[in-house]
Ligand code: AMP
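Numbering (our numbering), first residue to last: 451 to 950.
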């Protein structure tokens with residue numbers, strides 16, 4: 451009985467005695483052992499009551515077990531719902547209410563603070579060492595299992611985007627979405643079973659979970675599976691790798707380290723960047739230091755990957771290349787396609803495009819046209835040779851260290867702080883994070899604002915990566931005639947704040 455993702459990505463592991471995962475302490479996990487772990491996870495999930503079409507939400511550390519739970523969830527026909535490990539209990543509450551998962555897995559240390567918000571689901575725990583109540587279930591479970599039959603259009607995962615109005619939307623991704631994208635990327639980027647991918651990305655986001663892991667699984671290669679991006683570990687393990695996928699922050703951090711040089715990278719086949727704009731300067735500095743040209747690509751939660759610079763041929767700095775095979779792309783403004791060189795909103799259509807937002811038919815209708823075109827909300831233009839350049843984000847998204855932050859969500863919490871009348875949150879260029887969150891505050895009449903106290907007041911209410919790195923008090927916000935805050939002016943005025 452077919453299960454597209456299981457059959458293609460996971461079933462072949464059962465007979466594979468070569469290593470699949472290499473952990474930071476040097477431990478190796480073979481394909482066969484990992485397949486056994488998928489089986490244990492599948493049986494433990496089923497024993498916890500998870501059935502076909504259920505959701506499994508997880509907020510757990512990156513580990514082989516966590517990856518196996520993703521594989522097991524899709525293999526038993528349920529949808530995998532990973533959550534950023536930085537989310538606070540009030541943030542997690544929203545996702546659990548919206549997605550109503552059958553099971554929620556969290557770290558043992560957070561179980562007490564999450565028990566309240568997870569009262570309507572089964573809560574189990576797992577830590578990065580395989581400990582916790584679900585860790586015990588995994589140890590006790592058998593490895594043999596039968597996958598659940600699924601069609602290509604069945605749901606495999608729900609990944610939540612950041613919400614423009616403080617409400618995140620759950621992007622429904624099907625087996626066909628994930629598989630088609632993995633197949634395109636593997637071919638385009640020439641992945642083979644000889645590749646060893648240095649995997650230092652989180653696996654709660656499309657980049658680390660789908661782009662990196664699925665491409666590697668599909669092609670039978672190995673992954674150096676690190677808990678996070680630690681420059682020392684990356685530099686130590688790079689000699690064993692052939693490829694690295696990262697966000698721009700990885701590359702700026704590596705370039706900050708003198709040990710990262712031509713000799714250390716001479717054997718590498720490919721460096722890929724995405725999830726946020728890679729500055730053309732970083733691209734050039736990287737080539738100067740290592741002789742390699744970073745391959746930049748563009749994608750998003752709802753669409754997987756859309757475009758990529760070429761493997762052969764010019765990788766053009768400041769651009770994200772061409773549409774992937776099978777992906778159509780157009781740039782429109784005021785209802786019409788714009789000519790090359792003009793800016794408009796990027797729209798994409800293809801097998802990579804999601805099936806809609808979970809239980810939000812109206813939002814789906816707003817962004818996903820009936821004829822299959824998805825309105826990305828990104829602003830872009832094509833250069834004379836057809837390379838796509840992303841010039842801005844129509845939704846005012848801030849991307850800091852590869853994480854998306856929607857200003858409105860931060861502003862809403864800032865506005866509740868003592869003495870604050872209103873606020874404007876913007877992203878400013880930052881040498882390390884690409885962009886850093888910056889807040890402009892206005893005091894209530896007759897009151898003063900203590901910036902340190904305001905920032906302190908955000909602890910526990912917003913994930914740390916969303917909290918402003920710095921703030922400033924102004925007597926009023928710049929506004930246009932229609933009363934709209936002129937964020938572009940603020941960005942321009944304070945552009946050198948973190949980068950003097
Ligand atoms: P996410 O849904 O978290 O993957 O974020 C998707 C957004 O990240 C896109 O809509 C773009 O705004 C941005 N993004 C992704 N890749 C790139 C890139 N290579 N250059 C510029 N922006 C990017």
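Even glycine gets a Cβ: it sits at the ideal position worked out from N, Cα and C.
Boundaries of the alpha helix (DSSP H) harbouring residue 590: 583-590, taken from the DSSP string.
Near ligand 1, meaning a Cβ closer than 7 Å to any of its heavy atoms, lie the following residues in chain order: 611, 655, 656, 657, 723, 724, 725, 726, 727, 728, 746, 747, 748, 749, 750, 751, 752, 770, 826, 827, 828, 840, 843, 847, 849 and 854. For residue 701, the enclosing alpha helix (DSSP H) stretches over residues 698-705.
In the same chain as residue 531, and ignoring 5 residues on each side of it, the C-beta atoms closer than 8 Å to its own belong to 505, 506, 507, 508, 545, 549, 551, 607, 608, 609, 610 and 620, in chain order.
Secondary structure of residue 681 (DSSP, three-state): helix. Separation of the CB atoms of residue 927 and residue 917 is rounded to 20 Å, and the pair is thereby denied contact status at 8 Å. For residue 478, the uninterrupted beta strand (DSSP E) run begins and ends at 478-480, by DSSP.
The beta carbon of residue 869 sits closer than 8 Å to the beta carbons of 893, 894, 897, 898, 899, 900 and 904 from its chain, once the five residues preceding and following it are set aside; these are given in chain order. For residue 663, the number of other beta carbons within 10 angstroms of its own is at least 16, and it is reported as buried.
The C-alpha of residue 569 is placed about 46 Å away from the C-alpha of residue 705.
For residue 920, the uninterrupted beta strand (DSSP E) segment begins and ends at 920-924. With a threshold of 16 other beta carbon atoms within 10 Å, residue 690 falls short and is exposed. DSSP places residue 873 inside the beta strand (DSSP E), whose first and last residues are 870-880. Taking residue 648 as the centre and dropping the five residues before and after it, the same chain places the C-beta of 674, 691 and 694 closer than 6 Å to its C-beta, in chain order.
Contact between residue 514 and residue 479 holds: their C-beta atoms lie close to 6 Å from each other, under 8 Å. Ranked by how close their Cα comes to the Cα of residue 940, the residues 878, 886 and 914 have 878 in first place. Distance check between residue 457 and each of 624, 668 and 493 places 668 closest, using alpha-carbon atoms only. Note on geometry: alpha-carbon atoms of residue 724 and residue 597 lie some 33 Å from one another. For the pair of segments examined, the segment 807-821 was found not to touch the segment 829-837: the number of CB pairs separated by less than 8 Å stays below three. Around the C-beta of residue 857, 16 or more other C-beta atoms lie within 10 Å, and the residue is accordingly described as buried. The segment 781-794 makes no contact with the segment 738-748: fewer than 3 CB pairs, one atom from each, lie closer than 8 Å.
The beta carbon of residue 567 lies closer than 8 Å to those of 539, 540, 542, 543 and 546 in the same chain, with the five residues before and after it left out. Residue 679 places its beta carbon 8 Å or farther from that of residue 713. In the DSSP assignment, residue 610 forms a beta bridge with 620.
In this structure, residue 851 sits near residue 697, with a CB-CB distance shorter than 8 Å. Under DSSP, the beta-bridge partners assigned to residue 885 are 879.
Sequence-distant partners of residue 496 (beyond 5 residues in either direction) whose C-beta falls short of 7 Å from its own C-beta, in its chain, are 526. Residue environment: residue 902 is assigned as exposed (fewer than 16 neighbouring CB atoms within 10 Å of its CB, all protein chains considered). Taking the CA atoms as reference points, residue 749 sits about 5 Å from residue 756. Annotation: residue 767 to residue 733 spans about 6 Å, alpha carbon to alpha carbon. Taking 8 Å as the cut-off, the beta carbon of residue 800 is found closer than this to the beta carbon of residue 777.
Within the segment 822-857, the beta strand (DSSP E) runs of at least 3 residues that lie entirely inside it are, in chain order, 824-832, 838-843, 848-850 and 853-855. Contact between residue 602 and residue 624 is confirmed by a C-beta separation of about 7 Å, below the 8 Å threshold.
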